[in-house]
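Okay, structure first, notes after.
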Amino acid sequence: MDSEPRKPLYKALDRSHRLLFSHPRTIRDLLRGFIREPWVDELDLETLEKLPSDFISGQLAGEFEERTSDVVWRVRWREQDLYVVILLELQSSCDQDMALRMLVYVALFYQRLLKEQPLKRGEKLPPVLPIVFYNGDPEWWAPLEVRDLIETVPEGLAAHLPSLSYCLIDEKRLPLELLESLLDNIVAGIARVEQDHGAAHLSRMVANFARWLESPEHSELRRDVLAWLSKVVLPARIPGAEVPELKDLEEFRTYLEVKMQPWTDQWRDEGIRLGTEQGREEGIRLGTERGRREGERTGKLKGERELLRRLLQTRFGRLDDAVDQRIQKADSEQLLTWSTRLLAATAIDDIFSRAKH
């Protein structure tokens, strides 16, 4: 039901990702951190070169024009005049025919290359590495190989079927332990932020980005990271937040910490209001004054519990079952006590350590 309101956010996310992956530092970190194959060690990452944005799209027309691959890079392999072409597709939704799309992109790339540099006798085409970087919430389910899209064929025909498989990076399913082990890795940082491990974690990641990108040579990437955080991450994390134009990542971090209190108050009021309205509706359904009052009380408590869960998840990430059960059993007074400890807490135990048992 909420897919329509989220479409502009997804479009902003796709645009931000194209910018983030338009920097050689990001592609370098992507290859080193997430393509765990021996041949990657033989790449000369100093030769990374981004191909023009219309390298493929110029050959498409009509309805297919919006389905071009997002980013195309090339990099030298070993010491030969041989290039591995990296064809990167950035996705926020799962597409059944992605393997076929990647096959089309690769074929169009080769067609364009042959127009500009016809092969001489004995020459071969450069290899292509198709990568899909997926950041959607549902798990990726589409086939990775073109042949898996084709019906079963008679024996002997399989050798004539097209074949291409792409490398999938399912960002939301990457283990946090892996991401934390990739030090100074921009792509790991992007994934850690978009997995949403809470506001305290987000603040630490902003500080990491500022440190990783402090060199003047990364000024443009630092600017694009700031834009992604301001225009995509916060609107997704805190609906309705209007983030002003900020000059740098340190200013963004300060803004994040200063503004947390007003957002907390806003969410508290909204949660209680929604809970009370739900309870009132239930009371009306029961058809009695007593039912209405009881429904309001029950709904208010339900809204307070849900609000505290939401605030804790935003600050500290996913809650374990023990914390969830304590919230479920708490009354309004206890919930208020825990809520007042939220802003000063540096760990979730700080909130519950002095709680009544």
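FYI, my numbering numbers position 167 of the sequence shown as 1287, with every residue one higher than the one before it.
No residue lacks a Cβ here, since even glycine has one placed at the ideal position from N, Cα and C.
Contact check for L1439 against L1432 passes: the beta carbons are separated by less than 7 Å.
Bounds of the beta strand (DSSP E) holding F1253 are V1248 to Y1254. The distance from the Cβ of V1307 to that of T1167 is about 19 Å, inconsistent with a contact at the 8 Å cut-off. Annotation for S1213: G1256 place their beta carbon closer than 7 Å to its own, counting only its chain and skipping 5 residues before and after.
When the five nearest sequence neighbours on each side are left out, the beta carbons in the same chain lying within less than 7 Å of the beta carbon of A1330 are those of L1369 and E1370, in order along the chain. P1263 is positioned such that its CB atom lies closer than 7 Å to that of A1219.
Within the segment 1296–1348, the complete alpha helix (DSSP H) runs of at least 4 residues fall at 1296–1301, 1306–1315, 1319–1332 and 1339–1348. Linking Q1211 to T1457 through their CA atoms gives a straight-line distance of about 42 Å. Going by DSSP, Q1211 is part of the beta strand (DSSP E) stretching over Y1203 to Q1211. The beta carbon of D1444 sits closer than 6 Å to none of the beta carbons in its chain outside the five residues before and after it. Under the DSSP assignment, R1145 falls in the alpha helix (DSSP H) whose first and last residues are P1144 to F1154. For S1285, the beta-bridge partners assigned by DSSP are E1265. Leaving aside the five residues that flank L1366 on each side, the residues in its chain whose CB is nearer than 8 Å to its CB run, in chain order, L1346, S1350, F1372 and Y1375. Where L1455 is concerned, the enclosing alpha helix (DSSP H) starts and stops at S1452 to T1460. Looking from the CA of A1465, the closest CA among E1157, G1318 and K1170 belongs to G1318. Judged by DSSP secondary structure, D1470 falls within the alpha helix (DSSP H) whose first and last residues are D1469 to F1472. The beta carbon of L1428 lies closer than 7 Å to those of I1447, L1455, W1458 and S1459 in the same chain, with the five residues before and after it left out.
According to DSSP, residue pairing for L1163 in a beta bridge involves W1197. Judged by pairs of C-beta atoms under 8 Å, the segment 1273–1287 touches the segment 1234–1250, as three or more such pairs exist. In this structure, the straight-line span from the alpha carbon of L1281 to that of E1426 is close to 53 Å.
Residue V1326 holds the alpha-carbon nearest to the alpha-carbon of D1304 among P1355, P1295 and V1326.
Sequence-distant partners of D1268 (beyond 5 residues in either direction) whose C-beta falls short of 8 Å from its own C-beta, in its chain, are A1219. Pairing L1223 with V1192 gives a Cβ-Cβ distance that is not under 7 Å. A direct Cα-to-Cα measurement between R1194 and W1261 gives close to 28 Å. With contacts defined by Cβ atoms closer than 7 Å, S1142 and V1352 do not form a contacting pair.
Distance from the CA of P1158 to the CA of L1150, rounded to the nearest whole angstrom, comes to 15 Å.
As the crow flies, the alpha-carbon of L1462 is around 12 Å from that of S1473. Contact annotation, E1291 with E1259: C-beta distance approximately 11 Å; criterion of less than 8 Å not satisfied. In terms of Cβ geometry, W1197 and V1204 form a close pair [threshold 7 Å].
Setting aside the 5 residues that flank it on each side, L1294 is surrounded in the same chain by A1311, each with a C-beta closer than 7 Å to its C-beta; the list follows chain order.
Buried is the label assigned to D1190, since at least 16 other Cβ atoms lie within 10 Å of its Cβ.
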